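Worksheet: one structure, shown below.
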Amino acid sequence: MALLCRLAHHTRPQLARNIFTLPDLSSFSPFSGQDGNDQGSQRYHERKIFPYSQKQLYELVADASSYPRFLPFCTNARVLNEYPRPSDPSGRLNMDVELTVGFLSFEESYVSKVTCRPYESVEAVAASSTPLFKTLNTVWRFQPASASSPHAAQRAPVSQPSADVTSNTSKEGDARPTLVTLDLSFAFANPVHAAVSATFFGQVSKMMVKAFEERCLEIYGQGKA
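Going by the UniProt record's numbering, the residue at position 73 of the sequence shown is 73; the numbering climbs one at a time, nothing skipped.
Put into structure tokens, the structure is as follows:
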């Protein structure tokens, strides 16, 4: 769904969560070093079937201000500007979102450009001037999937669906399983961040999908596979 970027560093110990603070996991990445023009950049790809409609899943990811409530290591998210495109038949929405990320004694903020294409994808790209990353691109995609897939999330809900969200969910006919794909491409600008974060984080893309699944269960309850 010119950018200003600021960097804040606090020394007090802090445990926080953030979807966009990504560690240097080069030793685990099968894509590491494949592109000589993008040295140090890591790429990860995850995919999973969710028993919810494209509309339901899209609305969760497009709600950038709610990221601190469920995304790993995100401590704050603030929508700075929204740029709807009335002439665009797809209803595409562009946003400038300030994200604050925290882990251990680090807490930093940067601006990300978010492009939302209703029910299809949400892409977030860090500002080119950010001191946090050389590159950072996060893309969520939502596509129809077969109900027979064995990968659907079928665990019991962690709470009852929220009334304010379920009232806006898709009609019964739209509640088909959805294939969710997550693509990450990133490289830290500061090697200190890469070294420190690698000590405390595992496979971040899997953590993100896990957190998203828990959020779906919390908001929508048990889906229909």
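Here a beta-carbon is modelled for each residue, glycine too, at the ideal position from N, C-alpha and C. What you are looking at is a predicted structure, and each value in this text was computed from that prediction instead of being measured.
- Message: So for Arg85, helix, strand or coil by DSSP?
- Response: Position 85 of the sequence shown, counting from 1, holds the residue named residue 85. Looking at Arg85 - three-state DSSP - the assignment turns out to be coil, as it is neither helix nor strand.
- Task: Could you check the C-alpha separation between residue 246 and Gly91 for me, to the nearest Å?
- Result: Nothing about residue 246 can be read from this structure; the chain reaches only from 1 to 225.
- Message: Please tell me whether Arg47 has its Cβ less than 7 Å away from any Cβ of chain C.
- Response: Protein chain content of the structure displayed is limited to a single chain, and chain C is not contained in it.
- Task: Alpha carbon to alpha carbon, how far is Ser109 from Ala127? Give it in angstroms, no decimals.
- Result: Position 127 of the sequence shown holds residue 127. Position 109 of the sequence shown holds residue 109. CA-CA distance, Ala127 to Ser109, rounds to 11 Å.
- Message: Going by DSSP, what residue range makes up the alpha helix (DSSP H) through Leu60?
- Response: In the sequence shown, residue 60 corresponds to position 60, counting from 1. Where Leu60 is concerned, the enclosing alpha helix (DSSP H) stretches over Gln54 to Ala62.
- Extent of the continuous beta strand (DSSP E) run through Glu98: Along the sequence shown, one-based indexing puts residue 98 at 98. Unbroken beta strand (DSSP E) run through Glu98: Leu93 to Phe103.
- C-alpha gap between Phe65 and Val180, whole angstroms: Your numbering for residue 65 matches position 65 in the sequence shown. Your numbering for residue 180 matches position 180 in the sequence shown. Reading off the sequence, residue 65 comes out as Ser, not Phe. If I take the Cα positions, the gap works out to 21 Å.
- Query: What residues match up with Leu179 in a beta bridge as DSSP calls it?
  - Reply: Taking the first residue of the sequence shown as 1, we reach residue 179 at position 179. Under the DSSP definition of a beta bridge, Leu179 partners with Ile49 and Gln143.
- Quick one: is Pro86 buried, meaning 16 or more other Cβ sit within 10 Å of its Cβ, or exposed? In the sequence shown, the residue the question calls residue 86 occupies position 86. Classification of Pro86: exposed, given that the 10 Å Cβ count is below 16.
- Message: Can you list, in chain order, the residues of its chain with a C-beta nearer than 6 Å to that of Thr115? Leave out the 5 residues immediately preceding and following it.
- Response: Here residue 115 refers to the residue found at position 115 of the sequence shown. Cβ neighbours of Thr115 within its own chain (closer than 6 Å, five residues either side excluded): Asn94 and Glu123.
- Tyr110 - partner residues in DSSP beta bridges: Translated into the one-based positions of the sequence shown, residue 110 becomes position 110. DSSP lists Leu99 as partners of Tyr110.
- Message: Which residue marks the beginning of the beta strand (DSSP E) containing residue 227, and which one marks its end?
- Response: Because residue 227 is not part of the residues shown, which for the chain are 1 to 225, the question remains open.
- Query: What residues are listed by DSSP as bridge partners for Leu71?
  - Reply: Sequence index remark: in the sequence shown, residue 71 carries index 71 (1-based). For Leu71, which the question treats as bridged, DSSP gives no partner whatsoever.
- Message: Am I right that Phe133 and Phe188 are in contact with their C-beta atoms under 8 Å? What's the rounded C-beta distance?
- Response: Within the sequence shown, the letter at position 133 stands for residue 133. Within the sequence shown, the letter at position 188 stands for residue 188. Cβ atoms of Phe133 and Phe188 come within 8 Å of each other, at about 6 Å.
- Query: Which residues mark the beginning and the end of the beta strand (DSSP E) in which Ala189 is found?
  - Reply: Residue 189 sits at position 189 when you count from the first residue of the sequence shown. Membership of Ala189 in any beta strand (DSSP E) is not indicated, and neither H nor E is assigned to it by DSSP.
- Query: Can you tell me whether Lys48 is buried or exposed, with buried defined as 16 or more other CB within 10 angstroms of its CB?
  - Reply: Indexing the sequence shown from 1 puts residue 48 at position 48. Classification for Lys48: buried.
- Item | Pro84 to Leu57 span [Cα, whole Å] | For this step, residue 84 is matched to residue 84 along the sequence shown. For this step, residue 57 is matched to residue 57 along the sequence shown. C-alpha separation (whole angstroms): 20 Å.
- Item | Burial state of Ser105 (16 or more Cβ within 10 Å) | Locating residue 105 in the sequence shown gives position 105, counting from the first residue. Its Cβ having fewer than 16 others within 10 Å, Ser105 is exposed.
- Are the beta-carbon atoms belonging to residue 245 and Arg141 less than 7 Å from one another? Residue 245 is absent from the model: the chain starts at 1 and stops at 225.
- Anyone know if the C-beta pair for Phe186 and Gln42 falls short of 7 Å? For the purposes of this step, residue 186 is identified with residue 186 of the sequence shown, where counting begins at 1. For the purposes of this step, residue 42 is identified with residue 42 of the sequence shown, where counting begins at 1. It is a contact, given that the beta carbons lie within the stated cut-off.
- Query: So what's Ser121 in DSSP terms, helix, strand or just coil?
  - Reply: As a first step, residue 121 must be located in the sequence shown, where it is residue number 121. Ser121 carries a strand assignment under DSSP once its states are collapsed to helix, strand and coil.
- Task: Could you tell me which of Arg78, Ile219 and Phe70 sits nearest to Asp96, measuring between CA atoms?
- Result: In the sequence shown, counting from the first residue as 1, residue 96 sits at position 96. Minimum Cα distance to Asp96 is reached at Arg78.
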